[in-house]
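All remarks here apply to the structure that follows.
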Amino acid sequence: MFETVLIANRGEIALRVLRACKELGVRTAVVYSAADADSAAVRLADQAVRIGPASSRRSYLNAAAIVEAARQVGAQAVHPGYGFLSEDADFAEICADNGLTFIGPPPAVMAALADKSSARALMSRAGLPLPAGSVAPVATAAAAAEVADAVGYPVIVKAAAGGGGRGMTVVRHPAELARAYARTRAAAQAAFGDDRVYVERYLTEARHVEVQVLCDSHGNGVHLGTRDCSVQRRHQKLVEEAPAPALSAATLDGIAETALRGALEVGFVGAGTLEFLVDAEERFHFLEINCRIQVEHPVTEMVTGIDLVHEQLHIAAGVPLRWRQEEIRLHGVAVECRVNTEDPERDFAPTPGRLERFTPPGGPFTRVDTHASAGYLVGPWYDSLLAKVIVWAPDRELALNRLERALEEFDIAGPGVHTTIPFVRRVLDDAAFRKGRYTTGLVDRLLAPPSPLPSTAPSPLPSPTPAQRSTTTPTPRAAPAAEPDVSNRRTR
Amino acid sequence: MDGQNGRPDGDARLDGDGRPAAQTAVAADGRDDVRPDGRHPADGHGETDADGEEVLVGLRRQARHLLAELPGPVRRIRLCSGTTVLEVQWHPDEAAGRSPVPPTPPPAGATPPAGAAVPGPPIALIRPPVPGRATVRAPIVGTFYRAPEPGAGPFVAVGDLVRPGQPVAIVEAMKLMNEVTADRAGRVVAILVGDGQPVEYDQPLVELDPA
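Right, here's the structure in full:
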């Protein structure tokens with residue numbers, strides 16, 4: 002095992018990795034930006050190195066600064082968390098060149114899988130079913146139209162290098178295609194420096210189901226079951242659960258086994274996630290593979306009892322997997338929701354500010370992963386994830402009740418600060434969600450005016466007031482998001 | 006997890022070149038009972054603030070004299086007006102090479118958790134800047150060098166006048182030399198970091214008395 006690991010991230014995931022390292026007797030070092038000098042991770046780490054100003058481009062995305070910090074602390078390995086440099090093959094290679102173990106897949110595998118187009122080609126060769134569409138990027142608007150005509154509308158135009166919910170456009174009519182094609186290419190060039198796009202059939206009422214895999218460097222791998230992440234806004238997840246509900250055991254097993262086969266065939270090493278869309282007939286289609294730990298990993302930990310960050314560290318240190326597939330057992334149901342500082346009434350716009358109150362819930366089988374505390378300043382520089390509430394129960398109904406109870410306890414307040422808690426509570430109240438029969442269209446449906454249900458009648462939008470208590474903020478209807486598609490992609 | 010910042014391979018790397026550092030400890034009041042940590046045994050002596058300031062001025066003057074006479078690059082200076090101690094460590098060889106591996110890192114700028122051993126001050130820091138005085142700060146995390154190349158004269162020395170934009174040091178990060186320039190005119194009062202030492206982003210490097 003490593004003696005010292007450098008944690009190249011911030012927020013709750015830095016704390017999560019730090020805890021795993023400490024539990025394994027590994028010295029911890031964190032990097033931090035000038036904005037995070039007072040963070041919990043900095044306080045708890047054995048060492049911390051300030052690597053840059055608040056701007057993530059000059060701190061958490063600054064590969065040179067992070068490698069310098071790793072050298073300064075004598076780290077043997079770098080854990081990138083999620084986001085930032087976690088799926089940057091160049092960074093992984095720079096680490097290797099400097100004698101550092103990047104905790105993730107080999108750089109060449111990452112490079113091949115980071116590109117959506119080449120990942121599709123690789124997985125197609127490995128026998129995974131893809132959504133209908135172009136495997137290779139389409140070079141002209143005419144070629145895009147040809148693909149769209151062949152697979153049928155609606156289609157989605159996606160940047161090969163896309164991520165973070167950016168670089169994709171849903172096209173519902175042939176007349177819109179040429180413009181959408183040009184716009185997506187331009188956006189992809191601006192955001193990712195790569196204007197290649199491809200076209201695939203867009204499934205409007207699909208489930209987003211993903212599979213957690215662990216693969217070691219000796220060719221062994223296991224899958225840890227499925228997660229359903231269909232509750233998304235702006236292609237970003239809000240509620241996740243394990244296992245995916247209301248699917249047949251044959252479908253769940255089929256997705257999981259297919260995913261593991263794909264991961265092993267492309268030489269994946271580490272903790273990874275293969276994402277699929279599942280249609281109403283329970284046919285599944287491979288979307289992409291994520292080469293990192295994910296925000297929603299705790300639900301898998303709760304149903305398997307396996308600490309995924311521990312496993313990442315073991316795998317990176319060259320330890321063979323400690324389980325065979327038949328030893329993996331899934332128990333009960335786990336549900337996670339993200340508590341973001343966002344205003345669901347203003348298209349989930351971030352609402353940074355100082356938290357005057359922050360009292361997370363407690364109770365049995367209730368886990369809160371957070372870096373925040375009372376007095377914490379949610380700055381404008383980074384993402385809006387404030388906490389994750391994860392609950393476990395023997396069955397789904399009790400798990401949902403437990404999550405409702407936990408969210409009711411969660412007290413967060415600060416001037417101008419809103420959270421996603423009221424919106425998540427609406428999701429938990431939704432009848433289709435309760436039955437486990439929901440799709441990526443759920444959030445749009447909840448946001449669509451007007452509601453015929455008197456029990457959730459709209460109330461006027463309250464203007465933010467000092468110390469507004471977000472847990473009790475009414476959640477009136479809002480106009481639908483400008484971009485109605487909420488599938489096929491999310492960040493973490 | 007002991008909260009310390011030592012490296013597993015020991016202090017030999019502190020020099021970067023594998024050689025031991027020369028060391029001396031000078032008690033400014035002539036006493037010779039300086040402990041290894043540079044402090045006098047407790048003797049109940051007290052000082053007024055004015056006395057302390059005067060002693061500090063004297064210590065600074067002594068430090069400047071010592072620096073001018075040292076046979077090799079400075080490794081560490083310790084000034085301590087409360088117990089009147091001046092301690093200087095230096096590399097014995099003038100031609101001491103650059104460190105291929107940076108030495109012991111500075112610890113976090115944050116308070117350690119309760120119960121953890123309290124890390125010492127960053128090894129890179131010769132002394133903290135005087136509050137309110139102008140400083141030139143590190144533009145990036147890396148290794149601090151006073152001279153453009155090994156064996157060359159330093160960019161600036163204590164007492165030099167600098168103008169805005171003038172290079173005063175370099176910070177090496179990932180084999181790239183990042184020039185550090187003064188953002189104002191002033192006289193160099195102190196070099197706050199030892200040559201070849203690791204520095205964090207925004208760490209004060211050079212103290213200036215604005216001209």
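Chain order of the listed sequences is A and B. Counting the first sequence from 1 gives a position; the working numbering is that position plus 1. Counting the second sequence from 1 gives a position; the working numbering is that position plus 5. Note that CB positions come from ideal geometry on N, CA and C, so glycine has one too. Just so we're clear, the structure is a prediction, and the values are computed from it rather than from any experiment.
Cβ proximity to chain B below 9 Å picks out V50, R51, I52, G53, P54, R59, S60, N63 from the stretch 50 to 63 of chain A. When beta bridges are read from the DSSP output, H286 (chain A) appears opposite A:L278. Within the same chain, and ignoring the five residues on either side of W324 (chain A) in sequence, the residues whose Cβ sits closer than 7 Å to its Cβ are V223. Of all residues in the stretch 193 to 208 of chain B, only P203, E205, Y206, D207 come within less than 7 Å of chain A when Cβ atoms are compared, listed by chain position. Residue environment: E297 (chain A) is assigned as buried (16 or more neighbouring CB atoms within 10 Å of its CB, all protein chains considered). Residue-level contact check: I175 (chain B) does not touch chain A, since none of the beta carbons of chain A fall below 9 Å from its beta carbon.
With contact defined as three or more Cβ pairs closer than 8 Å, the stretch 199 to 211 of chain A and the stretch 404 to 417 of chain A are not in contact.
For K117 (chain A), the three-state secondary structure derived from DSSP is helix. Contact between the stretch 253 to 265 of chain A and the stretch 339 to 350 of chain A is absent: fewer than three C-beta pairs spanning the two stretches fall below 8 Å.
Legend: CB atoms of the stretch 180 to 194 of chain B lying less than 8 Å from CB atoms of chain A belong to residues L181. Short of 7 Å from the beta carbon of D37 (chain A), and not among the five residues preceding or following it, lie these beta carbons of its own chain, in chain order: R11, V43. Closer than 9 Å to the CB of N291 (chain A) there is not a single CB belonging to chain B.
Going by DSSP, I95 (chain A) is part of no beta strand (DSSP E) but of the alpha helix (DSSP H) stretching over 90 to 98. At a cut-off of 9 Å, the C-beta of V18 (chain A) has no neighbouring C-beta in chain B. In the same chain as R17 (chain A), and ignoring 5 residues on each side of it, the C-beta atoms closer than 7 Å to its own belong to V310, D370, in chain order. For C292 (chain A), there is no enclosing alpha helix (DSSP H), as DSSP marks it with neither H nor E. Among the residues facing chain B, I95 (chain A) is included, as its CB has a counterpart in that chain under 9 Å away. Just measuring C-alpha positions, the residue of A:L204, A:Q313, A:I52 sitting nearest L25 (chain A) is A:Q313. At a C-beta separation below 9 Å, I145 (chain B) has these neighbours in chain A: I52, G53, R59, N63, A65, A66, E69. Chain-order list of chain B residues neighbouring A35 (chain A): Y206, D207, by C-beta distance under 9 Å.
For the stretch 230 to 246 of chain A, no residue has a beta-carbon sitting nearer than 8 Å to a beta-carbon of chain B. Among the residues facing chain B, Q190 (chain A) is not included, as its CB has no counterpart in that chain under 9 Å away. When DSSP states are grouped into helix, strand and coil, P215 (chain B) belongs to the strand group. The DSSP-derived three-state label of F193 (chain A) is helix.
Less than 9 Å separates the beta-carbon of A66 (chain A) from that of A178 (chain B). The stretch 190 to 210 of chain B and the stretch 130 to 145 of chain B touch, with no fewer than 3 CB-CB distances between them shorter than 8 Å. Chain A places no beta carbon closer than 9 Å to that of T140 (chain B), leaving this residue out of the contacts. In the same chain as P138 (chain A), and ignoring 5 residues on each side of it, the C-beta atoms closer than 8 Å to its own belong to S118, A161, R197, V198, Y199, in chain order. When C-beta atoms of the stretch 395 to 407 of chain A are compared with those of the stretch 209 to 222 of chain A, fewer than three pairs fall below 8 Å, so the two segments do not count as touching.
Following the DSSP letters along the chain, one finds F85 (chain A) in no beta strand (DSSP E), marked with neither H nor E. The C-alpha of E13 (chain A) lies about 25 Å from the C-alpha of R427 (chain A). Closest in alpha carbon position to A190 (chain B), among B:A152, B:T140, B:P159, is B:T140. At a Cβ-Cβ threshold of 9 Å, A142 (chain A) and G168 (chain A) do not count as neighbours. Residue-level contact check: N10 (chain A) does not touch chain B, since none of the beta carbons of chain B fall below 9 Å from its beta carbon. Of the residues assessed, P395 (chain A) falls on the exposed side of the cut-off, its CB having fewer than 16 other CB atoms within 10 angstroms. Within its own chain, the residues whose Cβ lies closer than 6 Å to the Cβ of G268 (chain A), once the five positions on either side in sequence are excluded, are V110, listed in chain order.
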